[in-house]
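Numbering (UniProt numbering), first residue to last: 1 to 408. Here a beta-carbon is modelled for each residue, glycine too, at the ideal position from N, C-alpha and C. Report on the structure given below.
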Amino acid sequence: MPELAEVARIVNYIKKHLVGHTIAKVVANHDDLLFGKVGTSADEFKKHMHGKTVIGAGQQGKYFWMIMSSPPHPVMHFGMTGWLKIRSENTYYRSNGKDENVEADVWPPKFWKFLLETDNEPKTEAAFVDARRLGRVRLVDCPGDDIRKYTPLKENGPDPVIDKAILTEDWLKALVRRKKVPIKALLLDQANISGLGNWMGYVLHLLIYFPTTKEANAGSRDEILYHARIHPEQYSDTLRDNQIKELHSSINYVCSVSVDLKGESSDFPTDWLFHHRWNKGKKGAAGKLPSGEPIVFVTVGGRTSAVVPSVQKKGGEDDEEETDTKPKKAAGKAKATPKVKAEEKDGADASTPATPSKKRKQPAAKAVKEEDSAATTPALKKSRATKAKTEPEAPKVPLRRGRSATKN
1 MPELAEVARI
11 VNYIKKHLVG
21 HTIAKVVANH
31 DDLLFGKVGT
41 SADEFKKHMH
51 GKTVIGAGQQ
61 GKYFWMIMSS
71 PPHPVMHFGM
81 TGWLKIRSEN
91 TYYRSNGKDE
101 NVEADVWPPK
111 FWKFLLETDN
121 EPKTEAAFVD
131 ARRLGRVRLV
141 DCPGDDIRKY
151 TPLKENGPDP
161 VIDKAILTED
171 WLKALVRRKK
181 VPIKALLLDQ
191 ANISGLGNWM
201 GYVLHLLIYF
211 PTTKEANAGS
221 RDEILYHARI
231 HPEQYSDTLR
241 DNQIKELHSS
251 INYVCSVSVD
261 LKGESSDFPT
271 DWLFHHRWNK
281 GKKGAAGKLP
291 SGEPIVFVTV
301 GGRTSAVVPS
311 VQKKGGEDDE
321 EETDTKPKKA
331 AGKAKATPKV
341 KAEEKDGADA
351 STPATPSKKR
361 KQPAAKAVKE
371 EDSAATTPAL
381 KKSRATKAKT
391 EPEAPKVPLR
401 RGRSATKN
């Protein structure tokens with residue numbers, strides 16, 4: 001999902017190519033999810049965009065908008081795979097391994113939802129694309145300067161770059177102290193802070209756009225928590241004052257650098273966790289820092305988090321209790337198949353066949369005792385259950401000779 005830095009990149013391109021120009025042509029595909037989910041339609045969008053001049057653009061976290069010469073104004077969200085393409089320029093911030101010049105010649109692009117064309121020469125052509133239809137385009141009827149006072153922006157928290165005057169250390173301290181959730185879940189909630197998703201400033205699209213890309217799942221929050229030396233599972237209300245101070249500093253640092261670099265992941269500082277976490281998903285592989293410190297992965301709030309255990313220590317009473325209870329739950333749910341997989345992972349493959357071999361030997365031991373007993377008391381008869389147990393050693397027991405002969 002495009003996050004803070006990626007959206008900032010697009011706002012930059014809107015200001016460069018669209019602001020100051022009049023929209024001469026609008027084409028919009030009917031989509032009851034992209035438009036309809038937020039109370040508008042393709043026809044309404046065309047009606048209110050055509051003939052208007054783009055006079056500005058803005059952003060709050062993952063949301064961005066264009067300020068038109070008169071209301072209403074389009075407020076957009078990319079969802080998981082949305083993006084804005086400019087025909088005259090490659091807006092992606094990471095190569096997808098394909099010939100970009102060839103792709104630029106294909107217009108309209110695949111998965112387009114609406115097309116804009118300006119009246120200037122040379123004209124600018126823009127396209128909103130979204131493969132999974134999880135993006136949203138709505139029209140907000142208000143003065144351009146008041147967009148953030150209206151839904152959906154008013155329900156979202158401050159932007160960590162634009163709203164630094166609001167997102168102070170004291171503000172953050174009050175936020176984490178009144179919540180009792182894992183710190184990564186707190187950072188994920190857009191009502192708390194806008195723009196911090198499961199990944200930011202990394203790779204633009206999922207594999208549907210970049211088939212050769214392995215960086216399809218990363219986390220700005222992971223980067224922030226790594227630099228703050230905080231474990232993602234630590235509960236927010238257990239953070240000490242010095243941890244909150246480090247967290248605030250890390251939010252400012254990671255977000256500001258990502259936005260300043262316009263999401264160009266190749267330009268990110270080399271000491272960022274981002275560059276060293278990509279062995280996840282490879283069988284038997286584990287990521288590590290250049291210093292050799294291992295990177296492990298945990299699931300917090302349904303999202304995968306990269307953690308460096310030697311740096312990020314989980315603290316707090318609640319977390320210690322959670323750590324104690326988790327192994328018990330896991331043991332109660334353990335099944336035979338996961339146990340075998342764990343043994344294979346630890347290299348204990350030889351122990352797997354040992355169990356059945358011991359079970360096969362046990363009936364043989366009983367058969368020897370029974371044979372000795374039969375020699376001393378030949379008239380003694382045995383139950384069917386005994387016969388079934390001693391069947392593997394049938395050739396040694398005279399009473400079962402007929403059955404053994406049949407088998408041979």
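Opposing strand residues paired with residue i [DSSP bridges]
i           : result
residue 76  : 64, 137
residue 415 : With the chain covering 1 to 408 only, the question about residue 415 has no answer from this structure.
residue 88  : According to DSSP, which records beta bridges pairwise, residue 88 is partnered with nothing at all.
residue 114 : 28, 128
residue 235 : 182
N- and C-terminal bounds of the beta strand (DSSP E) containing residue i
i           : result
residue 26  : 23-28
residue 306 : 303-307
residue 298 : 296-300
Boundaries of the alpha helix (DSSP H) in which residue i is found, first to last residue
i           : result
residue 9   : 4-17
residue 252 : 241-260
Classification of residue i by the beta-carbon crowding that lies within 10 angstroms, buried from 16 upward
i           : result
residue 258 : buried
residue 36  : exposed
residue 106 : exposed
residue 119 : exposed
residue 293 : exposed
residue 380 : In this prediction, residue 380 has a pLDDT of 42, which is less than 50 and means its spatial position is unreliable; nothing more can be read from the coordinates.
residue 23  : buried
residue 192 : buried
residue 457 : The displayed coordinates of the chain run from 1 to 408. Any statement about residue 457 would go beyond what the structure contains.
residue 50  : exposed
residue 73  : buried
residue 124 : buried
residue 151 : exposed
residue 2   : buried
Nearest-angstrom beta carbon gap, residue j and residue i [assumed within contact, 8 Å]
i           : j           : result
residue 411 : residue 261 : Coverage of the chain is limited to positions 1 through 408, which leaves residue 411 absent and any answer about it impossible.
residue 234 : residue 148 : Their Cβ separation, rounded to whole angstroms, is 32 Å, which puts residue 234 and residue 148 out of contact at 8 Å.
residue 76  : residue 132 : At roughly 15 Å, the Cβ-Cβ gap does not stay under 8 Å, so residue 76 and residue 132 are not in contact.
Closer than 9 Å to chain C by CB, residue i
i          : result
residue 46 : Note that chain C does not occur in the displayed structure, where there is just one protein chain.
DSSP-derived helix/strand/coil call for residue i
i           : result
residue 228 : helix
residue 166 : coil
residue 107 : coil
residue 42  : helix
residue 57  : strand
residue 123 : coil
residue 20  : coil
residue 288 : strand
residue 173 : helix
residue 313 : strand
residue 337 : Below a pLDDT of 50, predicted positions are generally treated as unreliable, and residue 337, at 36, falls in that range; the measurement from the model is reported next regardless. Of the three classes helix, strand and coil, the one that applies to residue 337 here is helix, per DSSP.
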